[in-house]
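Each residue of the sequence shown is one higher than the last, beginning at 17 in our numbering.
Ideal Cβ positions, reconstructed from N, Cα and C, are used throughout, including at glycine.
I have placed the structure first, in the form of structure tokens, so that the comments after it can refer back to it.
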Amino acid sequence: MTRMKGFGLYKIFFNHSFRYFSQHPFLLILNIFCIALGIANFIAIQLINHSALESFRASIDLVGGKANLEIAAESAPFDEQILSKVVSDPDVLVATPILEQVCMLENHPGEYLDIVGVDFLTNRPVRSFELSSTVNNKEDIIDFLKDPQAVGLNKKLAQRLGIKRGDRLKLRTPEGIVELKVHSFLELESGAIGSDEHMAVMDISNAQELFHKVGQLSRISCLVSKKKDRMEFIRSLQEKLPPTVIVQTPEKRNMKIEKMLGSFQLNLTALSLISLFVGMFIIYNTVLVGVVRRRSEIALLRCLCLGSKSIIAACLGESLIVSIIGIVLGIPVGYVVASKLVGWVSSSLTSLYLLSSIEKIFISPYHLALAFIVGMAASGVASFFPSIEASKIVPVQAFSPATLEDKVHRFGPFWFLCVIGFILLALILSFLSLMGGLPVLSFGAALFLLLAFSFVSPFVCKIVVQLIKPKQVTFKLILSHFRRSIHRNALTISALLTALAMVISVSVMIKSFRYTVDGWLKQSVRADLFVTTAANLASGIHQVLSSAAEELIKSDNRIEAVDRYYEFRSEFRNSPIKISAICFSVAAGRNNLEFRTGKAEKLLREAVGSNRVFINESLSRKFKLKEKDIISLKTDKGRVDFEIFGIFKDYTTEFGLVLMDWQTMNKYWSQTGSNSLALYLKDSRQAEEIKKELDQKLQLLGDYIVYSNAQLRNEIFRIFDQTFSITQLLKITSLLISAAGIFFNLLILSSERNREIAILRSVGAPRQVVYALVLGESGLVGLISSLLGLIAGLALAVVLTYVINRSFFGWTIDWSTPWSTLLWLPLMVIFISLLASILPAFQLGKANISQNLRVE
């Protein structure tokens, strides 16, 4: 028989598809819902990650966006005499100095200004803003420079805080209260749109005097001749400057920021994909149901000589069309979600990484295309296997209702081998991620572990059916229905156990991390009082305490010892690290750091004033460093070799941390100020009294906060909880998709059993029996899902805690089980399963018996 042209058959097939979905709208809604919700989560996280980087770039570009070279110091502001060395180079067309200072606003609690001092005489070729007093009236720069208190504000911040032109602003600094006058507003050019609304500008000389930083600069923005090879020029200029002053291109600066935020953003992306992964099970199930229901139509097409490949293409085409609808709906929803989450991300990034305030959601065509590709791929993979099943329908057998169902629920040796294979792959990838330095493979380990539990669910269902031998007729019917629908129930169970496993594993990881940090704080943070600036708490560690404040504290004879702390960012083997300094002589015997080997007091005393340093576990694991190894660090006096004298536990940063003695830092770096002070009292019972007195005295000197030990711990855990708060949304989303899967699965099963239920009703079975059948099967699905999800969640928690965490962050986390979560979460899943079955049970109970008996 001659094979017919495919176009007409495709037209018939798609007509049947639209008719099928119009007859079963819940099925269509389910597919669209799962895709849209998964894409919404994914695109929201992608937009937030992208916006965080773009906002940082826009903030830098505000004052130096057109520059093609940047000069900055690793540790502290550098001497402005370096500017003369840069300007003297004939290939430097423009070199403009910049000074930054973060200050809290006195009359607006919690708000701060990131004040940027610029040289308006040299800054014009590179800046991306103008000063204006009204919307279209540009200010005269000379008029602005005449007023030593003049400042230009971002219009968005001014409108939000109700600040008008001419208003006086009081700023809290370490040296006391300073007053500025709002002289102008910033008119942003395209390159600076989306910059941090907290940024404000003033003349650099005025800023240096106001903030007691005369002769100091934060960075220099340069325009270098394009005729000159930039990399060669960077090398030659770097040789003229101190080692800790870095010459870099804007592209390299941005790459450093991307690298710094990489792990944070990658983990968010992985979590956002969980809901899409769960949705794939639901899509698989619903597509398979469509194949089963339309087996006769597919058989007719096969009889009309439509080949297997054409059947696969038609099924995939139908699924992908639905996917496009879901993606189109999911992207705007994702934008709304991103807008709601942006404040959380800004706070977390500022607390953990860098000063950042995301003011605008940047929509990138790349990320929209990525969301489209991910959504289509997820839907395509989920619908591919049911399409294969459809292509294998034998026309002679297809008109038997049980043929395809009997085929698709035969879970034989292949599935068992898949389970074994997935477990082995999870173990191999875990080993490679830990030992091979490829942390991204740890996500593959988690994925294959979830797949292993998903593939084992049909076997568990079969075992349950074989073990349970009910005597009561209703229970026998429930078990019979469940057994005949294992091919669908197993997939619903897989989706639910995946969502439950994710929730449980993340809960265990967070509880374990919190438990570990709590124990670490008890050992490592033992001072009675802590003093720092308010700006350091609100916008990250940037400021140092004034010498007057330090002298006032040290003069109190009730204080037994004062430990100083200072930190700055540097690089080690092209990776960002943090260098910190404390007074080892003070910390010895008081700060009980947990070292891999040796006692803290002995190690700290032996390292006082020497080139012996300590590194945290993250740095040790990332670069495979051990005790007695030598590391070379850039200092103000050139490269210096330091001996690793110990490796300690630390949870303040995911980057490598080098801890050295205060005397050692002063020997090789010019910085002398402290970011914070730890006070050890002679009588700890006087802590509250001394805190109140210091609060009052320090407020007269500047912008200071005094924390008790308990208050500092509370602040640390506030930041901790804030960092993990987004996981709550992802947990809820995954469970929501799973609940929808149960609901629609029961609707589908109920519609297929209309005739069977009608026969039961016709022989006298009351509606209560119908309700019991649906509720019982749903409860059984929820029970099996809970048990498997609990086991899978604990197994996945091991991967999260000991593989993913250690691969990316290098931290050692002690296991802590959240027993309450493990108790109520499975019960909640069973409750959701029963709740989702109410509507399908009600529909079956009220169905017309005579009409359903006439269906076939």
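Under three-state DSSP, which class holds Pro486?
Coil.
Relative to the C-alpha of Ile341, which candidate in Cys331, Leu169, Met392 has its C-alpha closest?
Of the candidates Cys331, Leu169, Met392, the one whose C-alpha sits nearest the C-alpha of Ile341 is Met392.
Nearest by alpha-carbon distance to Asn821: which of Thr669, His228, Gly437, Ser144 is it?
Asn821 has its Cα closest to that of Thr669, out of Thr669, His228, Gly437, Ser144.
List, from N- to C-terminal side, the alpha helix (DSSP H) runs of 4 residues or more that fit wholly inside the stretch 780-847.
Listed in chain order, the complete alpha helix (DSSP H) runs (minimum 4 residues) inside the stretch 780-847 are 783-815, 821-824.
Beta strand (DSSP E) containing Pro381: first to last residue?
No beta strand (DSSP E) holds Pro381; the alpha helix (DSSP H) holding it covers 381-407.
Rank Ser407, Phe378, Tyr382, Leu257 by C-alpha distance to the C-alpha of Glu313 and give the top, closest one.
Ranking the options by Cα distance to Glu313, first place goes to Ser407.
How about Ala462 and Leu812: are their beta carbons less than 8 Å apart?
A contact, by the Cβ cut-off of 8 Å.
Report the option in Val541, Glu567, Arg580 whose CA atom is closest to the CA atom of Arg606.
Checking every option, the nearest Cα to that of Arg606 belongs to Val541.
How would you label Val12, buried or exposed, when you count the other beta carbons within 10 angstroms and need 16 or more for buried?
The first residue shown for the chain is 17 and the last is 872, placing residue 12 beyond what the model contains.
Counting pairs of beta carbons, one from the stretch 191-204 and one from the stretch 163-172, are three or more of them closer than 8 Å?
They touch, by the three-pair rule.
Quick check on Thr613: buried or exposed, where buried means 16 or more other Cβ atoms within 10 Å of its Cβ?
Thr613 should be labelled exposed.
Give, in chain order, every unbroken run of the alpha helix (DSSP H) that is at least 4 residues long and sits entirely within the stretch 550-616.
Segments of the alpha helix (DSSP H) lying fully in the stretch 550-616: 550-555, 563-570, 600-603.
Would the beta-carbon of Ala89 fall within 8 Å of that of Val142?
For Ala89 and Val142, no; Cβs fall outside 8 Å.
Around the C-beta of Met525, are 16 or more other C-beta atoms found within 10 angstroms, so that it is buried, or is it exposed?
By the 10 Å Cβ count, Met525 comes out buried.
I'd like to know whether the C-beta atoms of Asn47 and Ile299 end up nearer to each other than 8 Å.
Yes; because the gap between Cβ atoms is below 8 Å, this pair is in contact.
Are the CB atoms of Ser470 and Ser523 within a distance shorter than 8 Å?
No, the Cβ-Cβ distance between Ser523 and Ser470 is not below 8 Å.
With burial defined as no fewer than 16 other Cβ atoms inside 10 Å of the residue's Cβ, what is the status of Leu649: buried or exposed?
Classification for Leu649: buried.
Given this structure, state the Cα-to-Cα distance separating Leu620 from Phe600, to the nearest angstrom.
Looking at the two C-alpha atoms, the distance is approximately 5 Å.
Per DSSP, Asp657 is paired with what?
Paired residues: Ser648.
By DSSP, does Thr743 sit in helix, in strand, or in coil?
Correct three-state label for Thr743: helix.
Can you grab the Cα-Cα spacing for the pair Gly826 / Phe459, in whole Å?
If I take the Cα positions, the gap works out to 15 Å.
Apart from the five residues on each side of it in sequence, which residues of its chain come closer than 6 Å, Cβ to Cβ, to Gln254?
So the list reads Val263, once near-sequence residues are dropped.
Expressed to the nearest angstrom, what Euclidean distance is found between the alpha-carbon atoms of Asp95 and Ile444?
If I take the Cα positions, the gap works out to 52 Å.
Using 8 Å for Cβ pairs, my map puts Tyr351 next to Ser832. What's the rounded Cβ distance?
At roughly 37 Å, the Cβ-Cβ gap does not stay under 8 Å, so Tyr351 and Ser832 are not in contact.
For Gln488, count neighbouring Cβ atoms within 10 angstroms of its own Cβ and tell me buried if that reaches 16, exposed if not.
It counts as exposed.
Figure out for me which residue from Thr302, Leu196, Gly672 has the closest Cα to the Cα of Ser123.
Contrary to the premise, residue 123 reads as Asn rather than Ser in this sequence. Comparing Cα-Cα distances from Asn123 to each of Thr302, Leu196, Gly672, the minimum goes to Leu196.
Within the same chain, show all residues whose beta-carbon is closer than 8 Å to that of Pro402, passing over the 5 residues directly before and after it, in chain order.
Closer than 8 Å at Cβ, skipping near neighbours: Tyr300, Val303, Leu304, Gly306, Val307, Cys331.
Let me know the secondary structure DSSP gives Gln97 once reduced to three states.
Reduced to three states, the DSSP call for Gln97 is helix.
DSSP state of Asp947, grouped into three classes?
Given a span of 17 to 872 for the chain in the structure shown, any question on residue 947 remains unanswerable.
According to DSSP, is Thr419 part of a helix, a strand, or is it coil?
Note that Thr419 scores a pLDDT of 48, beneath 50, so its modelled location is shaky; the value from the coordinates is reported in the next line. DSSP places Thr419 in helix when its eight states are reduced to three.
For His503, report the span of its alpha helix (DSSP H) as first-last.
Segment 502-540, the alpha helix (DSSP H) holding His503.
What do you get for Phe847, buried or exposed, if any count of 16 or more other CB atoms within 10 angstroms of its CB means buried?
Phe847 comes out exposed.
Closer than 7 Å by C-beta to Ala56: which residues in its own chain qualify, once you throw out the five before and the five after it? Chain order, please.
Excluding positions up to five away in sequence, the list reads Gly346, Val349, Gly350, Val353.
Would DSSP call Arg873 helix, strand or coil?
In the structure as shown, the chain begins at 17 and stops at 872. Residue 873 is therefore absent and cannot be evaluated.
With a Cβ-Cβ cutoff of 8 Å, do Leu513 and Leu804 count as a contact?
Contact: yes.
For Thr549 versus Leu561, is the C-beta distance shorter than 8 Å?
Yes, the Cβ-Cβ distance between Thr549 and Leu561 is below 8 Å.
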